[in-house]
């Protein structure tokens, strides 16, 4: 299970970081939705870094580690997990404003608008990470496997928060879909494609998070701790598949992102090939035999002169 989650986390970390890097570098990706997608990817990167503690625990031959140690090394992951979920609501609200009141959105969109979104997304992440830390301080030696769901299990508020966010996001995208369908003649092709991309991303994210939360809440009081652990790990695999989906979905559904991703891949490939060709080959020194073609061939002895 630890290896399976790590196999989801490693490519997920790489793709989420790549999307953040691409958004920073490319000037065409400067819209509010682009920023919120990059912010979500950054939070998901933090979220997925916590799974390596579980892998390390299993590979080291230990079955359990103290709760406090697990919590300390996974605080950034708990923060990212809960902040990433909140960005789904923010992205939906941003698209709702674009569809309903595009003039108002164009007027308020800017650094202050994005800073407010960033601060709001940090609030649930910081608060729920603090709740886990508080429990860890009260129960420092409680044994856990290092799996992120083990660390989050004592704080049931996390799962209720997940459920509320998923439901709100689903309702918002349902409303946006209805409005876009009614105003389809007024929407530009780029806006329609972006909406499809965002809907696909949030569909997968909301679906995986929602299913994991429902599964967790439905069986929490019906299973023994070992059975519940397996359910949590299975849900964790599902959530990590969703957490790694941003970049692939944008590549498939968004023409703009596909173009920019292809440009960046070509740029990185050409840079790598240039670096390879600029490496000079080192040829070992080989001594060459001198050719004495111009030396005299006469065997007569040279005259000896003596000075007195």
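Numbering (full-length UniProt numbering), first residue to last: 1 to 308. Here a beta-carbon is modelled for each residue, glycine too, at the ideal position from N, C-alpha and C.
Do the segment 142 to 151 and the segment 120 to 128 meet, that is, are 3 or more Cβ pairs less than 8 Å apart?
-> no
(request) Kindly list the residues whose CB is nearer than 8 Å to the CB of residue 233, restricted to its own chain and excluding five residues on each side of it in sequence; keep chain order. (result) Along the chain shown, read from residue 1 onward, the residue named residue 233 stands at position 233. If we look at residue 233 and ignore the five residues flanking it on each side, its Cβ neighbours are 1, 5, 147, 149.
Contained alpha helix (DSSP H) runs [length at least 4] in the segment 223 to 268, N- to C-terminal order: Complete alpha helix (DSSP H) runs here, min 4: 225 to 243, 246 to 253.
Please tell me whether residue 133 and residue 71 are closer than 8 Å, where the distance is taken between their beta carbons.
Here residue 133 corresponds to residue number 133 of the chain shown, with the count starting at 1. Here residue 71 corresponds to residue number 71 of the chain shown, with the count starting at 1. A contact, by the Cβ cut-off of 8 Å.
_First through last residue of the alpha helix (DSSP H) which encompasses residue 101_ = If you number the chain shown from 1, residue 101 lands on position 101. Counting along the chain, residue 101 sits inside no alpha helix (DSSP H), nor does DSSP assign it H or E at all.
Query raised in the report: What whole-angstrom Cβ distance do residue 242 and residue 205 have, given they're in contact under 8 Å?
Result: Stepping through the chain shown from its first residue, residue 242 is reached at position 242. Stepping through the chain shown from its first residue, residue 205 is reached at position 205. Going by Cβ atoms, the distance from residue 242 to residue 205 rounds to 5 Å, so yes, they are a contact pair.
Discussion item. Whether or not the segment 27 to 35 and the segment 262 to 274 are in contact is what I'm after, with contact meaning three or more pairs of Cβ atoms, one per stretch, closer than 8 Å; do they touch?
Written reply: no
**Prompt:** Is the segment 30 to 44 touching the segment 88 to 99 in the sense that three or more CB pairs, one from each, lie closer than 8 Å?
**Reply:** yes
request  = Use the C-beta contact count for residue 230: other C-beta atoms within 10 angstroms, 16 or more gives buried, fewer gives exposed.
outcome  = The count along the chain shown starts at 1 and reaches residue 230 at position 230. Counting Cβ neighbours within 10 Å, residue 230 comes out exposed, since fewer than 16 surround it.
Practice problem: Take every Cβ of the segment 51 to 71, pair it with every Cβ of the segment 17 to 25, and state whether three or more of those distances are shorter than 8 Å. | Solution: no
Fill in: Status (buried if at least 16 other CB within 10 Å, exposed otherwise) for residue 208
Mapped onto the chain shown, residue 208 falls at position 208. Label assigned to residue 208: buried.
- Query: Can you tell me the Cα-Cα spacing of residue 223 and residue 67, whole angstroms?
  - Reply: Numbered from 1 along the chain shown, position 223 holds the residue referred to as residue 223. Numbered from 1 along the chain shown, position 67 holds the residue referred to as residue 67. Those two C-alpha atoms are separated by around 21 Å.
Using DSSP with H/G/I as helix, E/B as strand and the rest coil, what is residue 144?
Start at 1 with the first residue of the chain shown, and residue 144 comes out as number 144. Here DSSP, grouped into helix, strand and coil, assigns residue 144 to strand.
From the DSSP output, in three-state form, read off residue 154 for me. As a first step, residue 154 is located in the chain shown; it is residue number 154 there, counting from the start. If DSSP states are grouped into helix, strand and coil, residue 154 belongs with coil.
Margin query: Tell me the residue span of the alpha helix (DSSP H) that contains residue 36.
Written below: Stepping through the chain shown from its first residue, residue 36 is reached at position 36. First-last of the alpha helix (DSSP H) with residue 36: 32 to 49.
Exercise. CB residue 119 to CB residue 76, shorter than 8 Å?
Worked result: Here the question's residue 119 lines up with position 119 in the chain shown. Here the question's residue 76 lines up with position 76 in the chain shown. No, they are not a contact pair.
Worksheet item: How many Å lie between residue 138 and residue 131 at the Cα?
Response: Within the chain shown, the letter at position 138 stands for residue 138. Within the chain shown, the letter at position 131 stands for residue 131. Cα to Cα, residue 138 sits roughly 11 Å from residue 131.
Given this structure, state the Cα-to-Cα distance separating residue 12 from residue 246, to the nearest angstrom. The residue you call residue 12 lines up with position 12 of the chain shown. The residue you call residue 246 lines up with position 246 of the chain shown. Roughly 9 Å between the two C-alpha positions.
Any idea if residue 84 is buried or exposed, counting beta-carbon neighbours within 10 angstroms, 16 or more meaning buried?
-> Taking the first residue of the chain shown as position 1, residue 84 is located at position 84. Under this definition residue 84 is a buried residue.
Worksheet item: So the alpha helix (DSSP H) residue 28 belongs to, where does it begin and stop?
Response: Residue 28 sits at position 28 when you count from the first residue of the chain shown. The continuous stretches of alpha helix (DSSP H) do not include residue 28, and DSSP gives it neither H nor E.
Straight-line CA distance for residue 107 to residue 176?
Here residue 107 corresponds to residue number 107 of the chain shown, with the count starting at 1. Here residue 176 corresponds to residue number 176 of the chain shown, with the count starting at 1. Whole-angstrom Cα-Cα distance: 20 Å.
Cα separation between residue 123 and residue 226? Working through the chain shown from its first residue, we reach residue 123 at position 123. Working through the chain shown from its first residue, we reach residue 226 at position 226. Distance between the alpha carbons of residue 123 and residue 226: 33 Å.
Alpha helix (DSSP H) containing residue 111: first to last residue? To locate residue 111, count along the chain shown from 1; it is residue 111. Unbroken alpha helix (DSSP H) run through residue 111: 111 to 138.
Note to self: Distance check for residue 212 and residue 96, CA to CA, integer angstroms please.
What the structure shows: Here residue 96 is taken as the residue at index 96 of the chain shown, counted from 1. Here residue 212 is taken as the residue at index 212 of the chain shown, counted from 1. Answer to the nearest angstrom: the Cα atoms are 26 Å apart.
Assuming residue 86 and residue 121 make a contact with CB atoms under 8 Å, what is their CB distance in whole Å? Along the chain shown, read from residue 1 onward, the residue named residue 86 stands at position 86. Along the chain shown, read from residue 1 onward, the residue named residue 121 stands at position 121. At roughly 5 Å, the Cβ-Cβ gap stays under 8 Å, so residue 86 and residue 121 are in contact.
Exercise. State the CB to CB distance for the pair residue 169 and residue 54, rounded to an integer number of angstroms; the pair is presumed to be in contact (CB under 8 Å).
Key: On the chain shown, position 169 is the one that residue 169 refers to. On the chain shown, position 54 is the one that residue 54 refers to. With a Cβ gap of about 28 Å, residue 169 and residue 54 do not count as contacting.
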